[in-house]
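Comments concern the structure below.
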Amino acid sequence: MAILTVQNLTKRFGGLVALNRLSLEVEERAIHSIIGPNGSGKTTFFNCVTGFYKPEEGEIIFQGVPINGLTPDQINRLGIARTYQNIRLFANMTALENVLVGMHPRLKSTWVGAVLNTPYTQEEEKQAVKRAQEILHFVGLKGKGDFLARNLPYGDQRRLEVARALASSPKLLLLDEPMAGMNPRETMEMMSLIRRLRDELGITIILIEHQMRAVMGISERVTVLDYGEKIAEGTPQEIQNNPRVIEAYLGTSKAVADVTR
Ligand code: ADP
Ligand code: MG
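Counting from 76, one number per residue, gives the positions in the sequence shown under my numbering.
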């Protein structure tokens, strides 16, 4: 069963074709990676799926529902959340507050309730804080809820981004280079967190990542983009042995060594 089906997706910026008739199916509960050189359209794909960019052509279907033309907020409510290639946290808010912000669209209280501080609002806020703490615990930030986001070490900030995305209770989570700039230990921890998101929470993951060993170690399926086109798709093993991939993307001997090591 596909949770996400994309058909003939095209996104242009002026004369540049960032995505060229891209078709893709993501199986429910998969960890599906998207790789490709810089500028090959990976982040643009996420921006189209989450409603930040309007594609010129193509269909995006989530759980059987076409989501083209919906706003980012509407798409988030349907169950798609993301993290960003460049960390986007509220630096001067605490870790807990960052997660609460991610939860906001789900909270039912109106601003009237918030102003009047009704019992309903108070109870809802209590529940929200409890859940935010559980989420922080899940991603490995237990006890760090009161830290300002900007004071957290880099690896923890990346984890907090995941926590914020989890706050909206997604069924599909798009992770844009969550291991970028991480040391080997942080990378291992992020890999195990991604596995737990799928295994324990049942969330389907689409992962954009450059660290090949992580991609190959964690994914059931890998799609390779080059100049906005899909040039290969398959299991990690099939991708590693695909001559077109080796030529287009893994062109250097070092990259090949990274993958095959
Ligand atoms: P990747 O994430 O694979 O590195 P991107 O999706 O960020 O690649 O970019 C794909 C291409 O689209 C690049 O050539 C990039 O410069 C271009 N692009 C992305 N977003 C915009 C934008 N908002 N305006 C103009 N060009 C863009
Ligand atoms: Mg990118």
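Backbone N, C-alpha and C fix where the C-beta goes; we use that ideal spot for every residue, glycine too.
Out of G116, L276 and A156, the CA that lies nearest to the CA of S243 is found in A156. The closest heavy atom of the ligand MG lies 7 Å or more from the beta carbon of K219.
D231 is the residue among L216, D231, L145 and F88 whose C-alpha sits nearest the C-alpha of N258. Secondary structure in the region 269-307: the beta strand (DSSP E) runs of 3 residues or longer, each lying completely within the stretch, are 279-283 and 296-301 in chain order.
Look at G116: its beta carbon is less than 7 Å from one of the heavy atoms in the ligand ADP. Per DSSP, reduced to three states, the secondary structure at S115 is coil, with no helix or strand assignment. In this structure, the straight-line span from the alpha carbon of M291 to that of N192 is close to 50 Å. R239 is positioned such that its CB atom lies no closer than 8 Å to that of G215.
Within the model, the alpha-carbon separation for R271 versus R96 is close to 33 Å.
Not one heavy atom of the ligand ADP falls within 7 Å of the beta-carbon of A156.
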